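Engineer: Each residue of the sequence shown is one higher than the last, beginning at 865 in this note's numbering.
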Amino acid sequence: MKFDDKVPIYYQIKQYIYHKMIDGTLPLGAKLPAVRQLALDLTVNVNTVQRALSEMITEGTLTSQRGKGNFVTEDQAHIMQLRTTLVNEQLALAYDQLHALNLSDAEIVASLQQYIAQREEHNHDSIDDQGFTL
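(1) Given Thr949, which residues of its chain have a CB within under 6 angstroms of its CB, disregarding the five upstream and five downstream residues?
(2) Count the other C-beta atoms from every protein chain shown that fall within 10 angstroms of the C-beta of Asn934, then say buried if there are 16 or more, exposed otherwise.
(3) With 16 as the cutoff for other CB atoms within 10 Å, does Lys878 come out buried or exposed?
(4) Between His883 and Asn966, what straight-line distance do the alpha-carbon atoms span, to the nearest angstrom?
(5) By alpha-carbon positions, which one of Tyr874, Gly893, Phe867, Val871 ends up nearest to Ile943?
(6) Quick check: what's the CA-CA separation for Met920 versus Leu926?
(7) Just grab the DSSP bridge partners of Leu926 for me.
(8) Where does Lys878 fall in DSSP's three states?
(9) Use the C-beta contact count for Val936: other C-beta atoms within 10 angstroms, 16 or more gives buried, fewer gives exposed.
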């Protein structure tokens, strides 16, 4: 994992784990690797990982079972709310950046629709006759 120097590492670790939960890599109730293993995998200090996990436990995203480890919550509504929050954060960033370019809301919507259409066309074009992605 490559870290951004402008954002605290523990926060980036939280975001990384959130994304793994939302994309299904870490499903509801899944056990996380041990803190030391996560630190090794991410090449960060154990205390940094522990801070990220502690915050996630406090907010209810993870549960801790003494002697067993840390687990993703089994509360589907909590994960869906987390997903909504992350989507809104990304949309807010994009919205602010596009407004800084003096685009109106209508221009932003039109640009997004055009971008989606181009992506869909590109994705469709990258599938060969047998339905395999090239």
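From the three backbone atoms N, C-alpha and C, an ideal C-beta is built for every residue, glycine too. Values in this document were obtained by computation on a predicted structure and should not be read as measured data.
Structural biologist: So, from the data block:
(1) For Thr949, same chain residues with a beta-carbon under 6 angstroms away, outside a window of 5 residues either side, do not exist.
(2) Label assigned to Asn934: buried.
(3) The residue is buried, with at least 16 neighbouring Cβ atoms inside 10 Å.
(4) One C-alpha to the other measures close to 31 angstroms.
(5) That would be Gly893, whose Cα lies nearest to the Cα of Ile943.
(6) If I take the Cα positions, the gap works out to 6 angstroms.
(7) The secondary-structure analysis by DSSP pairs Leu926 across a beta bridge with Val936.
(8) When DSSP states are grouped into helix, strand and coil, Lys878 belongs to the helix group.
(9) Val936 is buried by the Cβ-count criterion.
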